[in-house]
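Which chain is which? The protein sequence lines are B and P, in order.
Going left to right, the first sequence walks through residues 1 to 214 as the working numbering numbers them.
Going left to right, the second sequence walks through residues 1 to 434 as the working numbering numbers them.
Just so it is clear, CB atoms sit at the ideal spot from N, CA and C, and this is done for glycine as well.
It should be emphasised that the depicted structure is a prediction, and the values quoted were computed from it without experimental measurement.
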Amino acid sequence: MSHFRADIRQRCEELVALYPRKRSAMLPLLHLAQENDGYLSEEGIAEVAALTGTTPADVRGTAAFYDMFHLEPVGKYVVGVCTNIACLLAGGEEMLEHAAATLGCAPGSTSADGLFTLEESECLADCNIAPCVQVNHRYVRTTTPEAFDQLVDDLREGRLDHDVPSHGTLIRVKRQGGLRVSAEDIAAERSVAIAARSARAEAAAAAAAAQGST
Amino acid sequence: MASLDAPRIVSSRRDFADSFTLTRYLETGGYVALRKALTMFPEAVAAEVDVASLLGRGGAGFPAGRKWSMLRRAPISYLVVNGDESEPATFKDHYLVERDPHQLVEGVIIAAYALQVNQAFIFLRGEFALGLERVQQALNEAYAHGALGAKIFGSDFSLDIVVHPGAGAYICGEETSLLEALEGKRGFPRIKPPFFPAVTGLYGEPTVVNNVETMSNLPWIVNNGGAAFAALGAGRSTGTRLFALAGDVKNPGVYELEMVKNTFRDLIFDPALGGGLAEGRRLKAFVPGGVSAPWFGPDQLDTPLGQDEVGGLGSMLGSGSVVVLDDASCVVRAAWRITKFFSRESCGQCTPCREGSGWIERIMYRLEHGGGRMEDLDLVLDLCDNIAPGLSWPPQQTTICVLGPSIPSSVHSALTMFRDDFVAHVNHGGCPHD
């Protein structure tokens, strides 16, 4: 019995099939486990382990390396405020303080109503609109305290549900299409092409040698 | 005066709101280069890239053509695109994946064809939620259009591309660490040698790893020829490059400029580009190529934007990000924050990096926030010297990857350029700017 919702379970199985080795699907599957539960639950970790042919301890140990994976429950909205160099110069630390005051939780913690988790982010690569704020890894481009408070209001009232899905949902565009050719056919196609390339290289080298000897 | 008459190679669609759609891409010459490439021999396509002398746009500036030609010994198995753009204040790949994903996809298909690889991965940092969706959408459209999948455009070449999301680790931009992440492991950089994934890469097989911007240049190079690309710029720095300008300037943003033909002064002060600093402010220092690079001061403003031009002065063009600090900004605070970043992002494998970054960060913190001592100034330099002995550039390395030797750049620069500021912090018992 799968812990994941049927559609997420199906996407997991499709992802595993895309990689030459099952374990390579680890990071994308962990993102899907977070989409299922909002964070990495024991059940989610166990299912990823089964899907990738690893153990729950191995999955947990891998996930712990990456900042985006949460081993504890987080809010519906994870708010990241960047304080790295470009944002620092634009008031990133002040924005983080303001966010903590507005949300009522310090960086690294979750608001009392369980809706928001605040994080101090490293550079989010949107430095021309600084200080940079992301909610669930979507750029919200609020650079003033007033705009931030408006954003929080909008999130509370559900006015941004389309732009900012709840935490864990990363890629909403489903993969369509694909190779749809057997691995054997690909290997055959590849060996023919590489043999032809080698033959051309040899012919070119022979021609160059002949030219050199005359 | 800035020289702005070079063609836009990778940002030609920046004025279109729908630049990321297949419709707009096809209307603006999209997938023509791929059709042309498919009529050429794969090695002829690779030769054009060699002629273009395209330097990798990720940070190290290694010639892309040479990365590809190391395949001569064994056929390459995988092509991996590095879109884990996380160097602080670098946001050019963010622009490319969100605004022109088809250009990236077409570049990847062309590269895969040149290398005769049937499996490619595009690794994008996980924080690019929209970018991940845009690239997946572009791939879906490319499959439907026949530009990707089995028998591309009726040729004998087939290719599958998989988008792989990262999960928030700066170190995964290091190519061997990226491959570990792609194998589903913790992102620990691999021990060298072997130095190049082209020898031992994904699953131990020959792999080419190229940056997003590098790939995005390929459609133009195939359409116009490598010679046309090489005609732009000067010396080893050919073509154009995206520069991400941030910090204390009026118009921060991503600008595509011909290599070498413009200077940092042009980029920062030209009204069509950075537009200069705020009224009454003067330039104090700037980071010329990502926070791993040693800083420059006003005296280096007229340095041309070229690989060797910047390298010759003891820094690097790196990831193409320029951060401006004006005279109201505190250099101690800036250097502290950059060190804090490296401390957070050190993977922890090597002692000089793991321990050194945290130690320097704590010293910089007390200098900035109160409690700093005069002897801290020499202590911090000694620690820097332990991580990168000699404090020269390019740095000596005591660690598996180059994250370690990147740590001293900002602290060492700030301390040698603005020692008086550090002394003032000690005397004041904290930041005099606060």
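With distances taken between CB atoms, is the gap from residue i to residue j smaller than 8 Å?
i	j	result
Leu325 (chain P)	Gly404 (chain P)	no
Glu256 (chain P)	Thr240 (chain P)	yes
His412 (chain P)	Pro294 (chain P)	yes
Val52 (chain P)	Ala230 (chain P)	According to the sequence as given, residue 52 (chain P) is Ala; it is not Val. Yes.
Leu130 (chain P)	Pro165 (chain P)	no
Val323 (chain P)	Ala112 (chain P)	no
Val171 (chain B)	Gln397 (chain P)	The residue asked about is misnamed: residue 171 (chain B) is Ile in this sequence, not Val. Not a contact, by the Cβ cut-off of 8 Å.
Ser292 (chain P)	Ser406 (chain P)	yes
Val332 (chain P)	Phe243 (chain P)	no
Leu29 (chain B)	Ala63 (chain B)	no
Leu415 (chain P)	Leu391 (chain P)	no
Gly372 (chain P)	His433 (chain P)	no
Tyr78 (chain P)	Phe121 (chain P)	yes
Ala2 (chain P)	Asp266 (chain P)	yes
Ala147 (chain P)	Tyr31 (chain P)	yes
Glu141 (chain P)	Leu22 (chain P)	yes
Ser343 (chain P)	Ser329 (chain P)	no
Ala278 (chain P)	Lys261 (chain P)	no
Ala64 (chain P)	Tyr66 (chain B)	no
Leu283 (chain P)	Met259 (chain P)	no
Leu218 (chain P)	Val49 (chain P)	yes
Can you list, in chain order, the residues of its chain with a C-beta nearer than 7 Å to that of residue i? Leave out the 5 residues immediately preceding and following it.
i	result
Phe188 (chain P)	Ser177, Glu180, Cys347, Gln349
Thr83 (chain B)	Gly92, Glu93, Leu96, Glu120
Asp163 (chain B)	Arg138
Ile129 (chain B)	Arg141, Thr143
So what does residue i bridge to, in DSSP terms?
i	result
Gly80 (chain B)	B:Glu119, B:Gln134
His164 (chain P)	P:Phe123
Tyr78 (chain P)	P:Thr207
Arg241 (chain P)	P:Leu257
Gly55 (chain P)	The residue you asked about is not Gly; residue 55 (chain P) is Leu in the sequence shown. Beta-bridge pairing links Leu55 (chain P) to P:Pro63.
Ser321 (chain P)	P:Ala244
Val287 (chain P)	P:Val323
Phe296 (chain P)	P:Phe286
Gly233 (chain P)	P:Thr238
Pro304 (chain P)	P:Thr263
Excluding sequence positions up to five away, which residues of its chain have a Cβ less than 8 Å from the Cβ of residue i?
i	result
Thr303 (chain P)	Thr263, Phe264, Pro288, Phe296, Glu309, Val310, Leu313
Val79 (chain B)	Ala99, Leu103, Phe116, Thr117, Leu118, Glu119, Val133, Gln134, Val135
Met228 (chain B)	Given a span of 1 to 214 for chain B in the structure shown, any question on residue 228 (chain B) remains unanswerable.
Val208 (chain P)	Lys67, Trp68, Leu71, Ile76, Tyr78, Leu79, Val80, Ala111, Leu115, Val117, Pro197, Ala198, Gly201
Phe4 (chain B)	Cys12, Leu32, Ala33, Asn36, Gly44, Glu47
Leu179 (chain B)	Ile186
Using a cut-off of 7 Å between C-beta atoms, extract the partners of residue i located in chain P.
i	result
Asn84 (chain B)	Pro88, Arg337, Phe341
Leu18 (chain B)	Val162
For a contact defined as C-beta to C-beta under 7 Å, what are the partners of residue i on chain B?
i	result
Ser158 (chain P)	Leu179, Val181, Ile186, Glu189
Arg344 (chain P)	Glu122
Asp248 (chain P)	Leu89
Ala244 (chain P)	Cys127
Gly253 (chain P)	Asn128
Ala181 (chain P)	Leu27
Glu85 (chain P)	Ala125
Quick one: what's got a C-beta closer than 6 Å to residue i's C-beta in the same chain, skipping five residues either side?
i	result
Arg134 (chain P)	Phe20, Glu98, Pro101
Phe195 (chain P)	none
Gly168 (chain B)	Gln34, Glu35, Gly38
Tyr95 (chain P)	Val254
Ile45 (chain B)	Pro56, Val59, Arg60
Using a Cβ cut-off of 8 Å, pull out every chain B residue sitting near residue i, in sequence order please.
i	result
Lys185 (chain P)	Arg23, Met26, Thr62
Ala150 (chain P)	Leu179, Arg180, Val181
Ser329 (chain P)	Leu89
Val94 (chain P)	Reading off the sequence, residue 94 (chain P) comes out as His, not Val. By Cβ distance, chain B contributes Ala125, Asp126.
Gln307 (chain P)	Going along chain B, no residue has its Cβ under 8 Å from Gln307 (chain P), so there is no contact; the nearest lies around 22 Å.
Gln137 (chain P)	Val173
Using a C-beta to C-beta distance shorter than 9 Å, which residues of chain P count as neighbours of residue i?
i	result
Arg141 (chain B)	Chain P residues near Arg141 (chain B): none, gap ~12 Å exceeds 9 Å.
Ala147 (chain B)	Under the 9 Å cutoff, chain P gives no residues; its nearest Cβ is about 18 Å from Ala147 (chain B).
Arg11 (chain B)	Those within 9 Å of Arg11 (chain B) in chain P number zero; the least Cβ separation is about 12 Å.
Which residues in chain P have a C-beta closer than 8 Å to the C-beta of residue i? List them in chain order.
i	result
Leu88 (chain B)	Arg333, Ala334, Arg337
Since residue i meets chain B, which of its residues come closer than 9 Å, beta carbon to beta carbon?
i	result
Asn140 (chain P)	Val173, Lys174, Arg175, Gln176, Gly177
At a threshold of 7 Å, does residue i count as lining the ligand NAD (C-beta to nearest heavy atom)?
i	result
Glu309 (chain P)	For the structure depicted, the ligand NAD is absent and the ligand set is empty, with no information on it obtainable.
Check distances from the C-beta atoms of the segment 4-34 of chain P to those of chain B and list, in chain order, the residues that come in under 9 Å. Answer set for the segment 4-34 of chain P: empty.
May I ask you to list, following chain order, the residues of the segment 63-78 of chain B that have a beta carbon less than 7 Å from some beta carbon of chain P? Residues passing the 7 Å Cβ filter: Phe65, Tyr66, Asp67, Met68, Phe69.
For the segment 114-133 of chain P, list every residue whose C-beta sits within 8 Å of some C-beta in chain B, in sequence order. Those residues of the segment 114-133 of chain P placed with their C-beta closer than 8 Å to a C-beta in chain B are Gln116, Asn118, Gln119, Arg125, Gly126, Glu127, Phe128, Ala129, Leu130, Leu132, Glu133, ordered along the chain.
Mind checking the segment 96-130 of chain B against chain P and listing, in chain order, the residues whose C-beta falls within less than 9 Å of any C-beta there? Correct list: Ser121, Glu122, Cys123, Leu124, Ala125, Asp126, Cys127, Asn128, Ile129, Ala130.
Members of the segment 163-174 of chain P near chain B, C-beta cut-off 8 Å: Residues passing the 8 Å Cβ filter: Val163, His164, Pro165, Gly166, Ala167, Gly168, Ala169, Tyr170.
Within 7 Å of chain P by C-beta, residues of the segment 42-55 of chain B in sequence order: Thr52: these are the residues of the segment 42-55 of chain B whose beta carbon lies less than 7 Å from some beta carbon of chain P, given in chain order.
Residues in the segment 41-53 of chain P with C-beta within 7 Å of chain B's C-beta atoms, listed in sequence order? Those residues of the segment 41-53 of chain P that come within reach of chain B (Cβ to Cβ, closer than 7 Å) are Phe41, Pro42, Glu43.
Short-range partners of chain P found in the segment 195-209 of chain B, where Cβ spacing is below 8 Å: Using a CB distance below 8 Å, the part of the segment 195-209 of chain B facing chain P consists of Arg197, Arg200, Ala201, ordered along the chain.
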